[in-house]
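There are 2 protein chains.
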Amino acid sequence: MAAAPVWSVDPRTGKQREQVAVEATAQEVDAAVRAAHEARGALADRAVRAAFLRTAAQRLEDAKDTLIEVADAESALGPVRLTGELARTCFQLRAFAGIVDEGAFLDVVINHPDDTTVPPTPDLRRYKVPLGVVAVYSASNFPFAFSVAGGDTASALAAGCPVVVKSHPDHPALSELVAKVLRRAAAEHGVPEGVLGLVHGFEAGVELVKHPLVAAAGFTGSVRGGRALFDAAAARPVPIPFHGELGSLNPVVVTEAAAEERAEAIGTGLAGSMTMGVGQFCTKPGFVLAPAGEAGDRLLKSLVDGVSDTDAGVLLDHRMRDHFLAGIEERTRLADVESPVTPGAGGEHTVSAGFLTVPASRLTAEGAYDVLIEECFGPVTVVARYESPEEVTAVLSRLPGNLTATLHLSEAEGAGEGRGAELLAELTPLAGRVLVNGWPTGVAVAPSQHHGGPYPATTSTSTSVGGTAIERWLRPVAYQGVPEALLPVELRDANEAGVPRRFDGRLER
Amino acid sequence: MAAAPVWSVDPRTGKQREQVAVEATAQEVDAAVRAAHEARGALADRAVRAAFLRTAAQRLEDAKDTLIEVADAESALGPVRLTGELARTCFQLRAFAGIVDEGAFLDVVINHPDDTTVPPTPDLRRYKVPLGVVAVYSASNFPFAFSVAGGDTASALAAGCPVVVKSHPDHPALSELVAKVLRRAAAEHGVPEGVLGLVHGFEAGVELVKHPLVAAAGFTGSVRGGRALFDAAAARPVPIPFHGELGSLNPVVVTEAAAEERAEAIGTGLAGSMTMGVGQFCTKPGFVLAPAGEAGDRLLKSLVDGVSDTDAGVLLDHRMRDHFLAGIEERTRLADVESPVTPGAGGEHTVSAGFLTVPASRLTAEGAYDVLIEECFGPVTVVARYESPEEVTAVLSRLPGNLTATLHLSEAEGAGEGRGAELLAELTPLAGRVLVNGWPTGVAVAPSQHHGGPYPATTSTSTSVGGTAIERWLRPVAYQGVPEALLPVELRDANEAGVPRRFDGRLER
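Listed in order, the protein sequences are those of chains A and B. Sequential numbering from 17 applies to the first sequence in this note's numbering. Sequential numbering from 17 applies to the second sequence in this note's numbering.
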């Protein structure tokens, strides 16, 4: 049987651009994983890792023009957005280089012998070691920042783990280009090119998560695909951590007082956030609790204006377009669901933005309306109009886990009056990031970031963005009674490595 | 159908002592979980949690005489060992109270707005929140320290998570007593007694891990039982973290030079460690690579003497005794396996310690001898005699994951000569704790401890002993743009809570 071809497709036309590769066989997946495994020793030196990450960023910037052109041809995301995303990707690689240099991620804890504890403590020194080869399943909607050189790869390499990427079929040509850049950057530092493997094909992805030498996986994508791989990871003879970012509704609550104070600004802001990138952000606000009544009406009017002003856009692929249109069809069929601006097919290859409204009372109990509290990928949001604070609480209690939850408060509520604190406490169990008076799209690459949340937002308690994403690829090891001469340098008393640590109970910078 | 009775059994006689309870029905499990869930708000205040943990320790000490008597009657572990274990348990509760006070476990990271990052960083503040109700599956072999008031419970309560314990059938009477003590301690601080639930019965344990309000689980026990619960946790509509400690061989490598230097001391130390607690420690050294030849022979002679001097002992229950005897039978049947001291039935209710030897060459490839590199719970170890360093490497590469791995080196090797560093590097991938010139039994409750390891030692990268065990029951939440008045006190600029944190990149104590 001939190997299945992998085509690069232009979503603006639906036409094949070029054949990029063929789908990897099980043997080819095995070869990629083994090559990555063999490369792990070259990543043991933290200085090499940091230098490799910085060079990778530089070489991606060097190749910027070509990369943006190919990325745009495959994703239709446009050069402006893609230029920003590439800059973010390079910033992220350098940020992880800084994290590798600092060494706080090693979580060094040292205890000297202590007879006052029960039982007595021997000489015991703990830090974290890399898990091994990491499988990265890249996303469609961020061809740079959540793909071959994205946050999963950057954090895994920073941790000392080689990576095998399962490319996303929406940008195979870009994936090949980026992988080549990373491999060349590795070679510049004496790291074998096998440290970054790339495989194409659905079956290859399944083989990858089952491979005995794969020690952990990172995934960004759909609930269906992510859950299938999560299940495969858990069913292995030796189960492995599976850090999947699957799906998120990203609820927004607008209080009555906030709507009274600035309905128009909220409506306009919502329109901008939900249509950004043709509604293809995992943090798109997909569900809004807005008050019934006059202030809420004003909010909706601004939303109508904002959404109507948005140009039709091209989704990442035609399958997504079909799903989007089917999702709209399914939702608008429900009684009491209205669409002040109906989302739909803009043209043969585009979609137009819109939004739906529903009385919040339809959502306080399980039933057919539950489809409205499921993610619909694309430029649409659902506005549920509530009559009372109790209705808000009732609907919130029924929401699945989310990456983000957003609260719009009045000035007085923000200062502590009214139900602000109560609502914040109600939103916290629902999400990994809680915002006040902002919009969830746009995810900063910061040490304080948490891009994750209760299932199905993520399959673990980890983040895929920000400095702590490195924690996913490490495990602790404690050394007991190991002579100084044999200890890793980070665990010796003298701290020549200069890493932050907990030394006999004291935190040392 | 009448509810199944739960009996307390005396392992010294195999006779039922008393009926303690009945097995919990699904409705009773549901009630326990709901009561725990309702109690979560009472744990929100860190000061209350710390005080509750300290009072729990005090009240357990107050009830010491009764607790030790019942524990000994159900476990046959003897008052000396049990007194030490209770002291350890109370030390652990107080250690977690200290951790709650300090607040480092909250992992506070604060970033103020910063336009120099790509993309720009908003006001973003992260800390960790409790996951919710934790299911604790207690162990047979530590009726205090890994049971109702053990490390899983202590760390979960410290994190702010209510607990429902599935009691171990080997000590149901003690479990009821300890649960009562903890509940009364909770009540002293205004925490509802439902904060600590207790259920009996195998089916109740399965119901518990599937309950929608259970947010995570901790388990200590067998590979078979732990894997079944792990699978159930992963198969839930909303999967939950399952931190299971399942099984461990705890390999020991004795170098030729070490054996030449102190064969007798190593043999005697090994005999003590492998027979401690009738070989019922999860860290029992169950597999030893010792050199062939004269020095190794001397080591074995000491081991014969040490093991022969050990009294026959009572295992925790008769099922374990049956498994132990069957395990010995299966292993001694293999050609080339010898038993210088044959482990076996000491009397009607006891077992006697012993050990087996095998040429290491039998273990360098998959086959019938693989049973020798599986855990056999009880007072037995397997000594594989190696002919060359290459044979050691070949056997190590075939071992499953372990809680511990131990290396015995000569003085010169400890100082950096010879293969010491190389062997340490070979052992590190195999275990969560690596020892030099010590014995793995005895697990200190220290911040630097790591009691966990590659599967099947644990089902996650976490520890069940030591300060970082608290991390298992928390998840991060980032707050973006939240006004000061609504922020948790730990996330405000002023740091009135005095918690260690990362503040705009700087680590602050």
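For glycine and all other residues, C-beta sits at the position ideal for the given N, C-alpha and C.
Between the CA atoms of residue j and residue i - distance to the nearest angstrom
i	j	result
Leu93 of chain B	Asn157 of chain B	9 Å
Ala273 of chain A	Pro416 of chain A	26 Å
Ala563 of chain B	Leu440 of chain A	Nothing in the structure corresponds to residue 563 of chain B, since chain B is present only between 17 and 525.
Ala175 of chain B	Arg97 of chain B	29 Å
Glu512 of chain A	Val125 of chain A	15 Å
Val304 of chain B	Asp117 of chain A	39 Å
Ser171 of chain A	Trp489 of chain B	23 Å
Asp130 of chain A	Phe246 of chain A	43 Å
Gly206 of chain A	Ala58 of chain A	7 Å
Gly312 of chain B	Gly119 of chain A	42 Å
Gln496 of chain A	Gln35 of chain A	55 Å
Arg50 of chain A	Ala381 of chain B	20 Å
Gly360 of chain A	Ser324 of chain A	12 Å
Gly434 of chain B	Ala428 of chain B	8 Å
Phe371 of chain B	Ala342 of chain B	15 Å
Within-7 Å CB hit, residue i to chain A
i	result
Arg414 of chain B	no
Asn511 of chain B	no
Pro395 of chain B	no
Thr457 of chain B	no
Thr444 of chain B	yes
Ala233 of chain B	no
Ala437 of chain B	yes
Neighbour-count burial assignment, residue i, 16 or more Cβ in a 10 Å radius
i	result
Asp509 of chain A	exposed
Phe162 of chain B	buried
Ala231 of chain B	buried
Ser464 of chain A	buried
Glu90 of chain B	buried
His128 of chain A	exposed
Pro492 of chain B	buried
Arg65 of chain B	buried
Gly329 of chain B	buried
Ala52 of chain B	buried
Val505 of chain A	exposed
Gln32 of chain A	exposed
Thr373 of chain A	buried
Asp11 of chain B	Outside the shown range of chain B, which is 17 to 525, sits residue 11 of chain B, and nothing can be said about it.
Residue i: contacting residues in chain B (beta-carbon distance under 8 Å)
i	result
Arg65 of chain A	The contacting residues do not exist; Arg65 of chain A stays about 18 Å from chain B at best.
Ala431 of chain A	Pro499 and Ala501
Short CB-CB distance (under 7 Å) between residue i and chain B
i	result
Asn127 of chain A	yes
Ala441 of chain A	no
Leu102 of chain A	no
Ala51 of chain A	no
Leu523 of chain A	yes
Pro492 of chain A	yes
Ala250 of chain A	yes
Where residue i meets chain B, residues with beta-carbon distance less than 7 Å
i	result
Tyr495 of chain A	Val450
Tyr471 of chain A	Val254 and Pro255
Val145 of chain A	Thr444
Partners in chain A for residue i, counting only beta-carbon separations shorter than 7 Å
i	result
Leu140 of chain B	Ala460, Ala462, Ser464 and Gln465
Arg70 of chain B	Neighbours of Arg70 of chain B on chain A: none; closest Cβ ~15 Å, over 7 Å.
Arg518 of chain B	Pro463
Neighbouring residues, chain A, relative to residue i (Cβ below 8 Å)
i	result
Gly343 of chain B	Correct list: empty, because the minimum Cβ distance to chain A is about 21 Å.
Within chain B, the residues that residue i reaches when beta carbons sit closer than 9 Å
i	result
Pro257 of chain A	Ser476 and Thr477
Gly454 of chain A	Pro138, Gln496 and Gly497
Where residue i meets chain A, residues with beta-carbon distance less than 9 Å
i	result
Phe107 of chain B	Thr133, Val134 and Pro135
Ala120 of chain B	Arg518 and Leu523
Gly260 of chain B	None at all; the shortest Cβ gap to chain A is about 10 Å.
What alpha helix (DSSP H) runs, 4 residues minimum, are completely inside the stretch 272-308 of chain A?
272-291
Hey, which unbroken runs of the beta strand (DSSP E) at 3 residues or more fall wholly within the stretch 472-500 of chain A?
490-496
If you scan the stretch 142-178 of chain A from start to end, which runs of the beta strand (DSSP E) of 3 or more residues do you find wholly inside it?
149-153
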